[in-house]
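Novice:
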Amino acid sequence: MCPSGRTLSVETATTTLTSDFRPAFDVLDADHDGKISKDDLRAFYAGFSSSAADENLIRSMISAADSDNDGFVQYEEFERVLACGDRAKSSGVMEDVFKEMDKDGDGKLSHEDLKNYMSSAGFVATDEDIKAMIKLGGGDENQGVTYAGLLKILAVDQVGEAP
Numbered sequence: 001m002c003p004s005g006r007t008l009s010v011e012t013a014t015t016t017l018t019s020d021f022r023p024a025f026d027v028l029d030a031d032h033d034g035k036i037s038k039d040d041l042r043a044f045y046a047g048f049s050s051s052a053a054d055e056n057l058i059r060s061m062i063s064a065a066d067s068d069n070d071g072f073v074q075y076e077e078f079e080r081v082l083a084c085g086d087r088a089k090s091s092g093v094m095e096d097v098f099k100e101m102d103k104d105g106d107g108k109l110s111h112e113d114l115k116n117y118m119s120s121a122g123f124v125a126t127d128e129d130i131k132a133m134i135k136l137g138g139g140d141e142n143q144g145v146t147y148a149g150l151l152k153i154l155a156v157d158q159v160g161e162a163p
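Numbering of the sequence shown is given in the UniProt record's numbering, commencing with residue 1 and proceeding in unit increments.
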């Protein structure tokens, strides 16, 4: 059952088993302990905003995904939340991440948005790496990449693998 109370269909359950949201999970797991905590989310949001993250929002995000009520979001819980419904249109953690990354609010991540994000998340990415990410997500250097494109980028299992 999804956190919203909906039941997973056979199609969604199959998608869940074959999906790989590990790169997105790893970015949110700031201390790399294998689970997303409130502190991890605070650290993530601190990298994108000059004001502190809203504690109610952080509590809600953890609560929505924490199916075993241990106060943390394990990878399986994270994946289950993202697999509920149409990924490109579903609201949730990744949509919030996208909005934080999209500094000018134009609905696309520019080269600069992605470069800043990668740097703040502690990942080394050259300009060529960023260009490749944008291309992989179906965007172009001038227009950037959409939310659906970001999901394509994060779902890649191996660098250099063709979509």
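Glycine included, each C-beta is placed from N, C-alpha and C at the ideal position.
1) Between the alpha carbons of LYS38 and ASP129, how many angstroms are there, rounded?
2) Sort GLU76, GLY71, GLN143 by Cα distance to ASP106 and report the nearest one.
3) If you draw a straight line from the alpha carbon of ASP33 to that of PHE25, how long is it in whole angstroms?
4) In or out: VAL97 buried (at least 16 other Cβ within 10 Å) or exposed?
5) What is the DSSP secondary structure of ILE153, reduced to helix, strand or coil?
6) Where DSSP assigns a beta bridge to ASP20, which residues make up the other side?
7) For the alpha helix (DSSP H) containing ALA46, list its first residue and its last residue.
8) Need the endpoints of the alpha helix (DSSP H) that LEU57 sits in, please.
9) Secondary structure at LYS99, three-state DSSP: helix, strand or coil?
10) Determine the burial state of VAL124: buried for a count of at least 16 other Cβ atoms within 10 Å of its Cβ, exposed for fewer.
11) Just to confirm before moving on: does the CB-CB distance between LYS152 and GLY137 stay below 7 Å?
12) By DSSP's criteria, GLN143 is part of a beta bridge. Which residues make up the other side?
13) Where does ASP33 fall in DSSP's three states?
14) Based on the DSSP output, what are the partners of LEU82 in its beta bridges?
15) Would you mind sorting SER119 into buried or exposed? The rule is 16 or more other CB atoms within 10 Å of its CB.
Specialist: With the structure as the only source:
1) Counting from one through the sequence shown, the residue named residue 38 turns up at place 38. Counting from one through the sequence shown, the residue named residue 129 turns up at place 129. LYS38 and ASP129: Cα-Cα distance of roughly 30 Å.
2) Here residue 106 corresponds to residue number 106 of the sequence shown, with the count starting at 1. Minimum Cα distance to ASP106 is reached at GLN143.
3) Locating residue 33 in the sequence shown gives position 33, counting from the first residue. Locating residue 25 in the sequence shown gives position 25, counting from the first residue. Distance between ASP33 and PHE25, taken at the CA atoms: about 11 Å.
4) In the sequence shown, counting from the first residue as 1, residue 97 sits at position 97. Buried.
5) As a working note, residue 153 is residue 153 in the sequence shown. In the structure shown, ILE153 sits in a helix (DSSP, three-state: H, G or I).
6) Here the question's residue 20 lines up with position 20 in the sequence shown. Looking at the DSSP assignment, ASP20 forms no beta bridge with any residue, so it has no partner.
7) On the sequence shown, position 46 is the one that residue 46 refers to. Counting along the chain, the alpha helix (DSSP H) containing ALA46 begins and ends at 38–46.
8) For the purposes of this step, residue 57 is taken as the residue at position 57 of the sequence shown. Start and end: 55–65.
9) Translated into the one-based positions of the sequence shown, residue 99 becomes position 99. Helix.
10) In the sequence shown, counting from the first residue as 1, residue 124 sits at position 124. Under this definition VAL124 is an exposed residue.
11) Working through the sequence shown from its first residue, we reach residue 152 at position 152. Working through the sequence shown from its first residue, we reach residue 137 at position 137. For LYS152 and GLY137, yes; Cβs fall inside 7 Å.
12) The residue labelled residue 143 in the question sits at position 143 within the sequence shown. Its beta-bridge partners do not exist; DSSP assigns none.
13) In the sequence shown, residue 33 corresponds to position 33, counting from 1. Reduced to three states, the DSSP call for ASP33 is coil.
14) Position 82 of the sequence shown, counted from the first residue, corresponds to residue 82. For LEU82, which the question treats as bridged, DSSP gives no partner whatsoever.
15) Looking up residue 119 in the sequence shown gives position 119. Per the 10 Å Cβ criterion, exposed.
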